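Read in order, the letters of the sequence shown are residues 385 to 831 in this note's numbering. Every residue, glycine too, gets a C-beta built ideally from N, C-alpha and C. Since this is a predicted model, take the numbers as computed values, not measurements.
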Amino acid sequence: MAQKKQNNAIIGFVALGCPKNIIDSEKMLAEIVQAGFLITADPDNADVVVINTCGFIAPAKDEAIEAIKHAVHCKLNGTVKKVIVAGCLSERLGRQLFEQTDGIDAIVGLGRRDNIARIIKKTILSKQPAVFLNQSPHTISDDRNRLLITPGHWAYLRISEGCNHKCSFCTIPSIRGSFRSKPEQFVLAEAAELVSAGVVELNIIAQDTTYYGRDLKIKNGLSRLLNKLESIDRLMWIRLMYLCPSGIDDRLIETIATSEKVVHYLDIPIQHASSEILKAMRRPDTKDRLQRLIEKLRSAIPDCLLRTTVIVGFPGETDQQFNELLRFIEWAGFDALGCFKFYPEDGTIAGEMPAQIPGRVKQQRLDELMLIQQKIAFAKNKKSVGGKLTCLVDSLDNEGAGRGRFYGQAPDIDSICLIKNCTAKLGQFIDTKVVGTKDYDLLVRQI
């Protein structure tokens, strides 16, 4: 195919997975556009389909495989010419993906993300499947110059890659490598770039944001970074995600408490509350330490809203240990909570542990836990009726109804505020009054 015809190829892009993967997708999309390719919103009708996959746990892997099979089906029907699979599942399985799904034309590892345009060109010309795996798995990605697929007023800001924790259930270190802090100047330059493009909310992400700077021997690295981010004009909200409980110290708490821009919302995945299960998970926490941390946070930051994530059905989890988790959830009263069933992942210690919990028991435990959390969330919502909230407008419809969030709602994962008679623009902050609730969401009226 001639160069001109190559660059006129139509590319369909499927972005799967977590916020870290979203950033990788945004970076690849920018590379594709800068190379002169055309992007279509209909990946079922494209010269090349690129699928950026997740491979963290079994459901994510299944979703990715389903998306790959769908693209290959379109290829067999003649509406798609080439299928490229990128991202975490490519990194995790490599050539094994060819065995799982016939019809893939190229497999692209995480370290080749910034070469995606050249890989597309090679794939268009090639008649044989190819593999492009990591050349240097421990590099630091430069995430500047992205094509945002989030709304233009908020974005994710990744401050590191990889993880040094050795949790017995987790595949992340084997996929993304050891923890590498992104140099401070890179983070600040990227943040400034995003804000200059109209972003007013930055959601700080990493495998463990509290670990930032430790590999670079920077003391209080996250606190120092937050202080510098706060000086960026027109940036209004800084949200901290994925804070490892053991990494939250007094200095960080003070930084959050005194900041004018770091919202008083903390995402702290505890994973469990039984000290025995936490030890088996190879987590550094205990129930007592978690309890003291929550008490300290709520004392230092009275309006702090807490989100967490837990796992049920870990190998050997007894009814007593599960009930211990339930009682902890009731005591803590988390404002938001995500719950996952344990999946025995290949290559993990926990995946080979004895006393694996039957699937039906995992589901029963998940349902019971989420019912308790629902009662907590609904009670908090009811209590908020009549109060006032500052909301960031995320979307509007033709009838004047809007969707937005107050500081206690992270984008895409938490509940939202349904705004009646909204006259504001996208990305604008408005004053509202809570007039009711709808399941997990709040009904608010602009004032």
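Item: Hey, how far is the Cα of residue 775 from the Cα of residue 813?; Value: 5 angstroms
Item: Do you know how far the Cα of residue 553 is from the Cα of residue 594?; Value: 20 angstroms
Item: Can you tell me whether residue 720 is buried or exposed, with buried defined as 16 or more other CB within 10 angstroms of its CB?; Value: buried
Item: Just curious, the beta strand (DSSP E) that residue 542 is in, first and last residue?; Value: 538 to 542
Item: Could you have a look at residue 547 and say whether DSSP puts it in helix, strand or coil?; Value: coil
Item: What are the start and end residues of each continuous alpha helix (DSSP H) run of 4 or more residues lying completely inside the region 583 to 629, in chain order?; Value: 605 to 613
Item: Quick one, are the C-beta atoms of residue 575 and residue 517 less than 9 angstroms apart?; Value: no
Item: Taking the alpha helix (DSSP H) that residue 721 belongs to, which residues open and close that run?; Value: Careful: residue 721 lies outside any alpha helix (DSSP H), inside the beta strand (DSSP E) at 720 to 725.
Item: Whole angstroms are fine: how far does the CA of residue 458 sit from the CA of residue 451?; Value: 11 angstroms
Item: I think residue 699 touches residue 737, with their Cβ atoms under 8 angstroms apart; what is that distance to the nearest whole Å?; Value: 4 angstroms
Item: Measure the alpha-carbon distance for residue 822 versus residue 566 and round it to whole angstroms.; Value: 41 angstroms
Item: By how many angstroms is the C-alpha of residue 470 removed from the C-alpha of residue 429?; Value: 19 angstroms
Item: Residue 694 bridges to which residues according to DSSP?; Value: 655, 723
Item: Return the chain-ordered ranges of every beta strand (DSSP E) run that is complete within the region 400 to 437 and spans a minimum of 3 residues.; Value: 422 to 424, 430 to 437
Item: Just list the alpha helix (DSSP H) runs in the region 448 to 481, keeping only unbroken ones of 4 residues or longer that don't cross its boundaries, in chain order.; Value: 472 to 477
Item: Leaving out the 5 sequence neighbours to the left and right, which residues in its chain are closer than 6 angstroms to residue 407 when beta-carbon positions are compared?; Value: 527, 540, 542
Item: Helix, strand or coil: how does DSSP classify residue 396 here?; Value: strand
Item: How is residue 514 classed by DSSP in three states: helix, strand or coil?; Value: strand
Item: Could you tell me the boundaries of the alpha helix (DSSP H) in which residue 680 lies?; Value: 671 to 684
Item: Between residue 386 and residue 562, what straight-line distance do the alpha-carbon atoms span, to the nearest angstrom?; Value: With a pLDDT of only 45 at residue 386, under the threshold of 50, the placement of this residue in the model should not be trusted; the figure read from the coordinates follows. Each residue's Cα considered, the two are about 41 angstroms apart.
Item: Count the other CB atoms within 10 Å of the CB of residue 762; is the residue buried (16 or more) or exposed (fewer)?; Value: exposed
Item: Quick check on DSSP: helix, strand or coil for residue 646?; Value: strand
Item: Given that a residue counts as buried once 16 or more other Cβ atoms are within 10 Å of its Cβ, and exposed if not, what is residue 711?; Value: exposed
Item: Got a sec? Which residues, its chain only, sit under 7 angstroms from residue 770 by beta carbon, not counting five neighbours each side?; Value: 818
Item: Three-state secondary structure (DSSP) at residue 757?; Value: helix
Item: Can you determine whether any heavy atom of the ligand GTP sits closer than 8 angstroms to the C-beta of residue 748, and answer yes or no?; Value: This structure simply doesn't include the ligand GTP, nor any ligand for that matter.
Item: Please classify residue 739 as buried or exposed, where buried requires at least 16 neighbouring CB atoms within 10 angstroms.; Value: exposed
Item: Rounded to whole angstroms, what is the Cα-Cα separation between residue 402 and residue 766?; Value: 31 angstroms
Item: By DSSP's criteria, residue 826 is part of a beta bridge. Which residues make up the other side?; Value: 801, 821
Item: May I ask you to report which of helix, strand or coil DSSP gives residue 440?; Value: coil
Item: Which class does residue 581 belong to by DSSP, given the choice of helix, strand or coil?; Value: coil
Item: For residue 816, count the other beta carbons within 10 Å of its own beta carbon; 16 or more makes it buried, fewer makes it exposed. Which is it?; Value: buried
Item: Along the beta strand (DSSP E) that carries residue 494, what are the first and last residues, could you check?; Value: It is not in any beta strand (DSSP E) - residue 494 carries neither H nor E in the DSSP assignment.
Item: Going by the beta-carbon positions, is the gap between residue 479 and residue 439 smaller than 9 angstroms?; Value: no
Item: Can you find at least 3 beta carbon pairs, one from the region 574 to 590 and one from the region 680 to 699, that sit closer than 8 angstroms?; Value: no
Item: In the DSSP output, which residue or residues are listed as bridge partners for residue 779?; Value: 787
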